[in-house]
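Residue numbers (the working numbering): 7 to 254. In what follows, a structure is listed as structure tokens, so that the remarks can point back to it.
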Ligand code: SF4
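Spelled out as structure tokens, the structure:
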């Protein structure tokens, strides 16, 4: 089964695990949970068990069969570093990512402590695996300090849904994504918060990607800030050309 994602900063998604638990305020209106729970109880559907945490060993080798290089968002429907996911399985995910070295894997978590724990046990962090943390408000900026200890070539922040102003220490950070929350229960994002992060990125020479304003009609609100879009990627990255291949 495949879906068209509206994630603007990636080309494909790969979910060797699905399901998750809420851990911080950014999770309150989790889109993945909303999507997964719609299918709970539908026999044979990948989300028959809704948002319960599940591992999918049969999906492990999928990226190896995709011959065209892609930017792949790992676990758009989960968090690879949940406590209940066995370390052995996470190591297998890393092994596949390392082998599929024609792709770039974008690994985003709200649980960077476990990511660091795993990183310390790897022989080497694969150079094609980007490491990112979600930072929705100032109280969660400690995740950035943990991220900085991960030996990834590209370390990034996803400030989405942005819930307040942020003062960021951007040394050793290579990319910042900002986005507002969408949907009927979306919480508002102030333009000053976004502009301030954009300015911090410009001052520190860190690529800035503005994903969306969000809101109830997210398409209507668009993704321009101060008269233009902001679609910067880490320096060695080509512009997005094909983000139609999106797999559950
Ligand atoms: S960590 Fe991510 S996937 Fe998990 S509940 Fe929170 S927002 Fe959803």
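Even for Gly, the Cβ is constructed at its ideal location relative to N, Cα and C. Please read all numbers here as calculations on a predicted model, not as lab measurements.
Residue interval of the beta strand (DSSP E) (run including residue 138): 135-140
Exercise answer, beta-carbon shell around the ligand SF4 heavy atoms below 5 Å: Ordered by chain, the residues meeting the criterion of a beta-carbon within less than 5 Å of a non-hydrogen atom of the ligand SF4 are 26, 28, 33, 36, 38, 85 and 116.
Separation of residue 140 from residue 64, as counted between CA atoms: When rounded, the distance between both Cα atoms is 28 Å.
One or two residues paired with residue 182 in a DSSP bridge: 163 and 214
Residue 44 burial status per 10 Å Cβ neighbour count (16 or more: buried): When all chains shown are included, residue 44 counts as exposed.
Three-state class that DSSP yields for residue 20 in the structure shown: strand
Residue 232 - DSSP class collapsed to helix/strand/coil: coil
Same chain, Cβ closer than 7 Å to residue 98, five either side skipped, listed in chain order: Excluding residues within five positions, the ones whose Cβ falls inside 7 Å are 66.
Alpha-carbon to alpha-carbon, residue 86 and residue 96: 7 Å
Delimiting residues of the beta strand (DSSP E) encompassing residue 112: 110-115
Residue 252 versus residue 13: straight-line alpha-carbon distance, rounded: The predicted position of residue 252 is uncertain, since its pLDDT is 39 and thus under 50; no value can be drawn from it.
Exposed unless 16 or more other CB atoms sit within 10 angstroms - verdict on residue 90: So residue 90 counts as exposed.
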